[in-house]
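Enquirer:
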Amino acid sequence: MPTSPAVTLDDVLAAREVLAEVLTPTPVERSRSLSERTGLEVHLKCENLQRAGSFKMRGAYTRMARLTEEERGRGVVAASAGNHAQGVGLAARLLGITATVYMPFGAAMPKLAATRGYGATVVQVGTTIDDCIEEARRHEQETGAVFIPPFDHPDIVAGQGTCGLEILEQVPDVRTILVCTGGGGLLAGIATAVKALRPEVTVVGVQAEEAAAWPPSLTAGHPVALGRMSTMADGIAVGRPGDVPFGLVAELVDGVETVSEDSIARAVLFLAERAKLVVEPAGAAATAHLMDLGEDAARRYEGPVVAVVSGGNIDPLLLLRIIRTGLTVAGRYLQLRVRVPDRPGELAAVLALLAELRCNVLEVQHHRRVVGLKVHEVAISMTLETTGHDHSAEVVRALQDRSYTVEQV
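In this text, residue positions in the sequence shown follow this note's numbering: the first is 1392, and each later residue adds one.
This is the structure we're talking about:
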C-alpha cells in the first residue's frame, strides 16, 4: 500500500490559520532587471522581509503553537546558525514559552543579538550545526525541553508551505517556482501546497554547490550526509536532508540545481543594487540560478517565474566582503600587478593613463622585492574600479600597449 504523505495540503491550510494572527503575507515584487536578463517574467517572493528576517518563523510558530500546555511549561530548545534561532526566539516570545538556542561559535553577530533580543537564552558551542544539535538534544534529555527542529517535522514543513499558498495567490499564473534549499523544509512545504493546487507548476530547489546534499541523496533514493561543506550561505548549509522533507521532495519536486559561491556573491550584489533588497547569501541562491542561466532560462523554464528570496539576516561585515567579491566577479574590481621601469615619473605616467581610461584607482602599492623582478624594475600593485569586463580588458590592453608587463591577481 502507498505510504501517506507526511504533510498534505490540509496541513498547510491549517498552518495558515495558526499563523494568521502573527504573520502577514510577504510582498512579491516583479524584477524588471531579471526579466530582461532572462527573457521571462520574473518575480521575487521577499521572505527577507518576513518577521525575524526569514521564512523560518512560519514553521517555528506553527510547531510551537501546537504544543500542549504541559509541553510549553517545559520550554523549548533549538539548534541553529541564525535564522531558525530567530524564528524560534520570536515564536517563543509571542507564545510565552522559555527558549534556549544553541548556536555555533562564528555565528553572525547580528543573528546572535537578534535571537537574544527576542528573549531566548543563547548558548554557543562548537563550530557546526551538528555540534549544536548534539548539545540541544542533550539539553532536551536533561531538562525535558521540547526540541524544535529547523526542518525535519511535519508541522515545520506545513508552516513553511504557507509561503507556497501566498505565491499562488499573488502570482496566479505562475509557472515556475525556484526555492533556496538547505534541509528541505521550505522546498517540501511549497511543493506540497503548489502541486496539490497547481500540479502543472514546476518547483525547483537551488543549493549552494559547496553544501549540496540533495542531488546525491535524490540519486541514492535516501538522505545522504556530506563529508564536508564550505559555503558562505550558512542558512542553507545543511549536511543531510531531513527525513520528513525527503519523501515529499522526491515525490513532488521537479529538480534541484546548484550555484557557485561566486554566483551567490554576484546575486547578493545584484539584489542590493537592482532590487534594493538586503539579502543573505542563502536567500540569494534562487536568484543566482536565474542569473547563471541568463537567456537560457527561457529555454529551461516557463514564465512567469517566482524566485523565493528566503532570508535577509546578513552580518554587515560579511555583506561588505560579499559586495567586494561580487564586484570582482562582475568585472568591476580589477586587481593588477604592473612591472614598470624604476625611475622618477613612471608611476605618474601609469596613473595618467588610467585617468584617460576613466578608471578609478582605489589602492596602490610599490613592491621592490618580488620574485622575477629585474634590478631596474618596480612592481606596482593596484586595485581599480571599472565599469565591467569590457572596460577591464581595455585597461589591460592599454597598459600592455605601453610595453608594461601586466599580471591580473
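Here a beta-carbon is modelled for each residue, glycine too, at the ideal position from N, C-alpha and C.
Report yes if the C-beta distance between VAL1594 and VAL1570 is below 8 angstroms; otherwise report no.
Expert: The residue given as residue 1594 occupies position 203 in the sequence shown. The residue given as residue 1570 occupies position 179 in the sequence shown. Yes, the pair counts as a contact, with Cβ atoms nearer than the cut-off.
Enquirer: Check whether the segment 1406 to 1426 touches the segment 1594 to 1612, taking contact to mean three or more Cβ pairs, one atom from each stretch, closer than 8 angstroms.
Expert: Touching, no, given that fewer than three Cβ pairs across the two stretches are closer than 8 angstroms.
Enquirer: Consult DSSP for GLY1674 and reduce its assignment to one of helix, strand or coil.
Expert: Taking the sequence shown and counting its residues from 1, the one referred to as residue 1674 is at position 283. Helix.
Enquirer: Is ALA1499 closer than 8 angstroms to ASP1706 when the C-beta atoms are compared?
Expert: For the purposes of this step, residue 1706 is identified with residue 315 of the sequence shown, where counting begins at 1. For the purposes of this step, residue 1499 is identified with residue 108 of the sequence shown, where counting begins at 1. Going by C-beta atoms, ASP1706 is nearer than 8 angstroms to ALA1499.
Enquirer: When you compare each of GLY1703, ALA1451, ASP1543, ALA1476 to LEU1486 by their alpha carbons, which one comes out closest?
Expert: To locate residue 1486, count along the sequence shown from 1; it is residue 95. Of the candidates GLY1703, ALA1451, ASP1543, ALA1476, the one whose C-alpha sits nearest the C-alpha of LEU1486 is ALA1451.
Enquirer: Out of curiosity, what's the CA-to-CA distance linking GLY1550 and GLY1430?
Expert: Position 159 of the sequence shown, counting from 1, holds the residue named residue 1550. Position 39 of the sequence shown, counting from 1, holds the residue named residue 1430. The alpha-carbon atoms of GLY1550 and GLY1430 are separated by roughly 33 angstroms.
Enquirer: Look up MET1448 in the DSSP assignment and say whether it is helix, strand or coil.
Expert: As a working mapping, residue 1448 is identified with position 57 in the sequence shown. DSSP places MET1448 in helix when its eight states are reduced to three.
Enquirer: Tell me whether VAL1697 is buried or exposed, calling it buried when 16 or more other Cβ atoms sit within 10 Å of its Cβ.
Expert: Locating residue 1697 in the sequence shown gives position 306, where the first residue counts as 1. So VAL1697 ends up on the buried side.
Enquirer: Given that a residue counts as buried once 16 or more other Cβ atoms are within 10 Å of its Cβ, and exposed if not, what is SER1701?
Expert: For the purposes of this step, residue 1701 is identified with residue 310 of the sequence shown, where counting begins at 1. Buried, by the Cβ-count rule.
Enquirer: With a threshold of 7 angstroms on Cβ separation, who are the neighbours of SER1424 within its own chain once the five nearest residues in sequence on each side are excluded?
Expert: As a position in the sequence shown, residue 1424 is number 33, starting the count at 1. Excluding positions up to five away in sequence, the list reads ARG1665.
Enquirer: What residues match up with THR1512 in a beta bridge as DSSP calls it?
Expert: Start at 1 with the first residue of the sequence shown, and residue 1512 comes out as number 121. The partner list for THR1512 (beta bridge, DSSP) reads THR1491.
Enquirer: If distances are taken between C-alpha atoms only, which option among SER1422, ARG1428, PRO1632 comes closest to ALA1683?
Expert: The residue you call residue 1683 lines up with position 292 of the sequence shown. First, the amino acid is wrong: residue 1683 is Asp here, not Ala. ASP1683 has its Cα closest to that of ARG1428, out of SER1422, ARG1428, PRO1632.
Enquirer: Beta-carbon separation of GLU1438 and THR1417 under 8 angstroms?
Expert: Position 47 of the sequence shown, counted from the start, is the residue given in the question as residue 1438. Position 26 of the sequence shown, counted from the start, is the residue given in the question as residue 1417. Contact: yes.
Enquirer: Count the other C-beta atoms from every protein chain shown that fall within 10 angstroms of the C-beta of LYS1667, then say buried if there are 16 or more, exposed otherwise.
Expert: Translated into positions along the sequence shown, residue 1667 becomes position 276. The residue is exposed, with fewer than 16 neighbouring Cβ atoms inside 10 Å.
Enquirer: According to DSSP, is HIS1434 helix, strand or coil?
Expert: Sequence index remark: in the sequence shown, residue 1434 carries index 43 (1-based). Three-state result, HIS1434: strand.
Enquirer: Under the DSSP definition of a beta bridge, which residues are partnered with PRO1732?
Expert: Residue numbering aside, residue 1732 sits at position 341 when the sequence shown is read from its first letter. DSSP output for PRO1732 lists GLU1768 as bridge partner(s).
Enquirer: May I ask you to report which of helix, strand or coil DSSP gives THR1593?
Expert: The residue given as residue 1593 occupies position 202 in the sequence shown. In this structure, THR1593 counts as strand in the three-state DSSP scheme.
Enquirer: Determine the extent of the beta strand (DSSP E) in which GLN1441 is found, giving its start and end residues.
Expert: For the purposes of this step, residue 1441 is taken as residue 50 along the sequence shown, with counting starting at 1. Element bounds for GLN1441: n/a, residue is neither H nor E.
Enquirer: Hey, ALA1721 and ARG1657 are a contact pair by Cβ (cut 8 angstroms); roughly how many whole angstroms apart?
Expert: Along the sequence shown, one-based indexing puts residue 1721 at 330. Along the sequence shown, one-based indexing puts residue 1657 at 266. With 8 angstroms as the limit, ALA1721 and ARG1657 qualify as a contact, their Cβ atoms being about 6 angstroms apart.
Enquirer: Can you list, in chain order, the residues of its chain whose CB lies under 7 angstroms from that of ILE1808, leaving out five sequence neighbours each side?
Expert: With the chain represented from 1392 up to 1800, any question about residue 1808 goes unanswered, as that position is not in the structure.
Enquirer: Between which two residues does the alpha helix (DSSP H) holding ARG1421 run?
Expert: If you number the sequence shown from 1, residue 1421 lands on position 30. Where ARG1421 is concerned, there is no enclosing alpha helix (DSSP H), although the beta strand (DSSP E) it sits in stretches over 1419 to 1421.
Enquirer: Which parts of the segment 1541 to 1613 are runs of the alpha helix (DSSP H), unbroken and 4 residues or longer, counting only runs that do not cross its ends?
Expert: Runs of the alpha helix (DSSP H) inside the segment 1541 to 1613: 1545 to 1561, 1576 to 1588, 1605 to 1611.
Enquirer: Taking 8 angstroms as the cut-off, decide whether the C-beta atoms of ALA1366 and THR1491 are in contact.
Expert: Residue 1366 is absent from the model: the chain starts at 1392 and stops at 1800.
Enquirer: Ignore the nearest five residues each way along the sequence and tell me which others in LEU1617's own chain have a CB closer than 6 angstroms to its CB.
Expert: As a first step, residue 1617 must be located in the sequence shown, where it is residue number 226. Cβ neighbours of LEU1617 beyond the five flanking positions: ALA1604, GLY1630.
Enquirer: Quick one: any contact between the segment 1607 to 1614 and the segment 1633 to 1645, if contact means 3 or more CB pairs under 8 angstroms?
Expert: As far as the Cβ criterion goes, the segment 1607 to 1614 touches the segment 1633 to 1645, which means the pair count is three or higher.
Enquirer: I need the boundaries of the alpha helix (DSSP H) containing GLU1525, first residue and last residue.
Expert: The count along the sequence shown starts at 1 and reaches residue 1525 at position 134. Counting along the chain, the alpha helix (DSSP H) containing GLU1525 begins and ends at 1520 to 1534.
Enquirer: Name, in chain order, the residues that DSSP records as bridge partners for PHE1538.
Expert: Locating residue 1538 in the sequence shown gives position 147, where the first residue counts as 1. DSSP output for PHE1538 lists VAL1468 as bridge partner(s).
Enquirer: Look at the Cβ atom of ASP1543, then the Cβ atom of GLY1444, and state whether they are nearer than 8 angstroms.
Expert: For the purposes of this step, residue 1543 is identified with residue 152 of the sequence shown, where counting begins at 1. For the purposes of this step, residue 1444 is identified with residue 53 of the sequence shown, where counting begins at 1. Going by C-beta atoms, ASP1543 is not nearer than 8 angstroms to GLY1444.
Enquirer: Is DSSP giving ASN1474 helix, strand or coil here?
Expert: Residue 1474 sits at position 83 when you count from the first residue of the sequence shown. In this structure, ASN1474 counts as helix in the three-state DSSP scheme.
Enquirer: Classify GLY1759 as buried or exposed, calling it buried when 16 or more other Cβ atoms lie within 10 Å of its own Cβ.
Expert: Looking up residue 1759 in the sequence shown gives position 368. Note that residue 1759 is Arg in the sequence shown here, rather than Gly. Its Cβ having fewer than 16 others within 10 Å, ARG1759 is exposed.
Enquirer: Under 7 angstroms Cβ to Cβ from PRO1393, same chain only, skipping five residues before and after it: list those, please.
Expert: As a working note, residue 1393 is residue 2 in the sequence shown. Interpretation of PRO1393 is limited by its pLDDT of 46, a score under 50 that renders its predicted location unreliable; the figure taken from the coordinates is listed afterwards. Result list for PRO1393: empty, nothing under 7 angstroms.
Enquirer: By how many angstroms is the C-alpha of GLY1508 removed from the C-alpha of TYR1493?
Expert: Here residue 1493 refers to the residue found at position 102 when the sequence shown is read from its first residue. Here residue 1508 refers to the residue found at position 117 when the sequence shown is read from its first residue. Cα to Cα, TYR1493 sits roughly 15 angstroms from GLY1508.
Enquirer: With DSSP as the reference, identify every bridge partner of GLN1799, one or two as the case may be.
Expert: Numbered from 1 along the sequence shown, position 408 holds the residue referred to as residue 1799. Looking at the DSSP assignment, GLN1799 forms a beta bridge with LEU1727.
Enquirer: Count the CB pairs spanning the segment 1747 to 1765 and the segment 1777 to 1789 that are closer than 8 angstroms, and state whether there are at least three.
Expert: At 8 angstroms Cβ cutoff, the stretches touch.
Enquirer: Between PRO1541 and GLY1576, what straight-line distance do the alpha-carbon atoms span, to the nearest angstrom?
Expert: In the sequence shown, counting from the first residue as 1, residue 1541 sits at position 150. In the sequence shown, counting from the first residue as 1, residue 1576 sits at position 185. Spanning the two alpha carbons is a distance of roughly 8 angstroms.
Enquirer: Below 8 angstroms CB to CB, which residues in the same chain sit around ASP1645 once its five sequence neighbours on both sides are set aside?
Expert: Residue mapping note: residue 1645 aligns to position 254 of the sequence shown, counting from 1. If we look at ASP1645 and ignore the five residues flanking it on each side, its Cβ neighbours are THR1593, VAL1594, VAL1595.
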